[in-house]
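Protein chains in written order, with our numbering: chain E, 471 to 706; chain L, 471 to 706.
Remarks on the structure that follows.
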DNA sequence: CCGAGTTTGTTCTCGCAGTCACAAAGTCCG
DNA sequence: CGGACTTTGTGACTGCGAGAACAAACTCGG
Ligand SMILES: NC(=O)c1ccc[n+]([C@@H]2O[C@H](COP(=O)([O-])OP(=O)(O)OC[C@H]3O[C@@H](n4cnc5c(N)ncnc54)[C@H](O)[C@@H]3O)[C@@H](O)[C@H]2O)c1
Ligand SMILES: NC(=O)c1ccc[n+]([C@@H]2O[C@H](COP(=O)([O-])OP(=O)(O)OC[C@H]3O[C@@H](n4cnc5c(N)ncnc54)[C@H](O)[C@@H]3O)[C@@H](O)[C@H]2O)c1
């Protein structure tokens with residue numbers, strides 16, 4: 471490793487598993503919460519509880535970043551926060567654009583949680599003429615045609631899609647064309663993008679349907695238990 | 471199997487893997503889209519493409535529900551749609567309540583996609599006095615104190631939390647107390663709930679941070695390639 | 001009725017992820 | 001200074017999920 475490039479600072483361990491990457495932001499938030507309560511250090515057990523995960527899993531996850539804890543003591547909250555933030559890449563702010571300023575887009579634009587977590591909304595775009603020039607969350611809504619110009623000017627690499635499903639693919643294509651390489655998609659549509667572009671999907675209906683599945687199973691089980699409450703003895 | 475209970479109709483194969491459950495709604499949506507285009511039947515290959523998954527994975531997923539396809543032909547769109555909907559439990563509508571009618575809560579209340587996918591918003595609740603009595607999406611905002619009453623009256627088992635993070639645990643506790651057993655949580659907080667209660671989390675900041683991680687890795691890789699574009703030859 | 005063609009359902013293999021358990025490494029007190 | 005205690009970091013094990021490949025089953029044309 472480190473075969474001579476040495477371009478950036480302390481090269482961290484590469485190849486962090488996806489499952490771990492998905493949890494690092496959770497740890498970061500838990501650490502921030504601890505720091506807000508003036509807690510300077512914590513054990514893996516405490517942090518795991520705050521993040522809602524198994525402590526062994528947490529330690530293993532952190533070990534992918536390096537050895538930032540002290541045996542017998544635990545982790546320094548500020549130090550570990552910084553290391554995770556650095557690994558994720560949120561030590562500096564990422565510019566983000568939102569396309570589709572309807573119900574959801576406006577809620578997202580008004581959401582303060584983005585800016586506090588390493589992201590800065592730099593532009594809101596919408597295709598509808600009646601949206602043009604309106605001010606949402608202190609930003610002027612701009613025409614969708616300005617996409618490429620804005621992306622180039624602000625060095626945007628992350629785009630949020632909150633347009634109706636039929637328009638999502640077109641918007642995604644335009645984003646990719648403009649140079650965006652990470653997309654957060656709220657539209658219930660499957661997006662086709664070239665390799666090298668990451669898409670993450672947030673789909674409320676799917677989440678609710680998953681809950682509904684478990685809910686029906688619970689209901690079915692309860693009914694069964696009423697029918698004959700000794701079944702587990704038979705099948706086992 | 472089928473050790474004598476046989477309470478409900480054709481008992482399907484039990485123990486559907488979580489990963490499959492999470493994809494069934496995607497298949498259902500793809501099927502609905504096909505039906506809208508008057509397509510009566512489709513092969514696993516076509517459906518897989520529409521859902522954005524591998525066809526072998528799709529067939530395996532569907533096989534957990536039973537054998538609803540015809541070899542040499544494919545799947546009947548309507549029939550398969552119904553079978554998946556039945557398995558998920560969205561053949562009838564589920565009543566849902568939303569707690570926290572701020573930016574996000576209002577967007578959710580106004581979202582028509584819920585009702586069309588097996589869910590019906592029956593009540594909007596908020597603790598703030600100035601929200602009381604306001605009408606959002608045709609529903610009157612009701613006081614948070616009415617939670618238990620509403621849940622009992624409407625047989626609600628699914629609740630949506632869109633309050634600020636510090637209030638989320640309190641709301642969740644009240645929901646569980648009122649009899650809700652499935653929660654969709656938008657607040658960036660870890661919820662502690664008793665066993666038997668399902669919680670699913672939707673966290674935008676986390677999604678963006680995951681994108682940011684891959685984005686920084688892309689950036690680092692590009693830089694490295696510029697530094698010395700024959701590195702793969704050295705390390706390999 | 002039969003054979004060619006098509007597509008499902010399933011088996012097998014491999015890799016990733018979660019959990020346990022423990023040695024290594026540090027702290028702290030006597 | 002040394003030993004008891006605490007907590008990390010990691011190796012081993014297990015189970016789930018993804019994907020390839022193939023046999024079984026069905027259709028359709030002749
Ligand atoms: N509202 C919610 O709570 C919610 C929840 C989950 C998912 N969604 C999804 O998010 C998306 C947006 O939902 P919404 O409720 O905000 O819808 P909306 O109709 O209120 O807003 C959509 C906006 O996108 C704009 N738009 C349409 N086509 C466009 C294009 N080609 N380019 C640029 N802008 C375009 C429209 O002008 C409109 O302002 C939908 O796909 C919806 O399914 C919404
Ligand atoms: N707005 C977004 O796009 C967005 C995105 C992601 C996550 N979130 C999260 O969703 C939650 C809501 O966001 P928002 O932007 O709608 O906030 P908001 O402040 O606009 O709305 C919160 C609402 O909850 C109500 N509330 C507060 N405490 C309550 C309680 N104990 N019981 C009942 N109601 C209560 C408030 O009166 C207010 O109406 C936050 O946790 C936020 O982090 C929002």
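All residues carry an ideal CB built from backbone N, CA and C; glycine is no exception.
All of these numbers come straight from a predicted model, not from anything done at the bench.
Rounded to whole angstroms, residue 579(L) and residue 541(L) show a C-alpha spacing of 43 Å. By the neighbour-count criterion, in which a residue is buried when 16 or more other Cβ atoms sit within 10 angstroms of its Cβ, residue 543(L) is exposed. In the DSSP assignment, residue 594(L) is bridged to 568(L) and 611(L).
Under the Cβ criterion of 8 Å, residue 614(L) is not counted among the residues facing chain E.
DSSP lists 568(E) and 654(E) as the beta-bridge partner residues of residue 630(E). Sequence-ordered contacts of the segment 566-580 of chain L with chain E read 566, 573, 574, 576, 577, 578 and 580 [C-beta pairs closer than 8 Å]. Within the same chain, Cβ atoms closer than 7 Å to the Cβ of residue 675(E) are found at 658, the five residues on either side in sequence being excluded. In this structure, the beta-carbon distance from residue 557(E) to residue 535(E) falls below 8 Å. Per the Cβ contact rule, the segment 486-506 of chain L is in contact with the segment 525-532 of chain L (3 or more Cβ pairs under 8 Å).
Look at residue 658(L): its beta carbon is less than 7 Å from one of the heavy atoms in ligand 2. Taking the Cα positions, residue 564(E) is about 27 Å away from residue 576(L). The three-state secondary structure of residue 546(L), taken from DSSP, is strand. The beta carbon of residue 693(L) sits closer than 7 Å to none of the beta carbons in its chain outside the five residues before and after it. Listed along chain L is no residue with a C-beta nearer than 9 Å to that of residue 664(E); the closest approach is about 13 Å. Here residue 496(L) carries a helix assignment [DSSP, helix/strand/coil]. DSSP lists 652(L) as the bridge partner or partners of residue 668(L). The beta carbons of residue 633(L) and residue 566(L) sit about 16 Å from each other, so the pair does not count as a contact at 8 Å. At least one heavy atom of ligand 1 is found less than 7 Å from the C-beta of residue 571(E). With a threshold of 8 Å between beta carbons, residue 668(L) makes contact with chain E.
In the structure shown, residue 513(E) falls within a coil segment according to DSSP collapsed to helix, strand and coil. Assignment of residue 582(E) by DSSP, reduced to helix, strand and coil, places it in the coil class. In this structure, the CA atom of residue 500(E) is about 28 Å from the CA atom of residue 684(E). The C-alpha of residue 599(L) is placed about 16 Å away from the C-alpha of residue 593(L). Note that the C-beta distance between residue 560(E) and residue 682(L) is below 8 Å. Annotation for residue 531(L): the continuous alpha helix (DSSP H) segment containing it runs 525-533. In this structure, the alpha-carbon of residue 636(E) lies about 16 Å from that of residue 586(L).
Under the 10 Å beta carbon count, residue 615(L) is surrounded by fewer than 16 other beta carbons and is classified as exposed.
By the rule that beta-carbons nearer than 8 Å mark a contact, residue 487(E) does not touch chain L.
Ligand 2 never approaches residue 519(L) closely enough for any of its heavy atoms to be under 7 Å from the residue's Cβ. The shortest CA-to-CA distance from residue 652(L) to any of 660(L), 630(L), 640(L) and 641(L) is the one to 630(L). In the DSSP annotation of this structure, the continuous segment of the alpha helix (DSSP H) that includes residue 623(L) starts and ends at 617-624.
Within its own chain, the residues whose Cβ lies closer than 7 Å to the Cβ of residue 588(L), once the five positions on either side in sequence are excluded, are 560, 563 and 564, listed in chain order. Listed in chain order, the positions of the segment 498-526 of chain L with a beta carbon within less than 8 Å of a beta carbon of chain E are 498, 499, 500, 520, 521 and 522.
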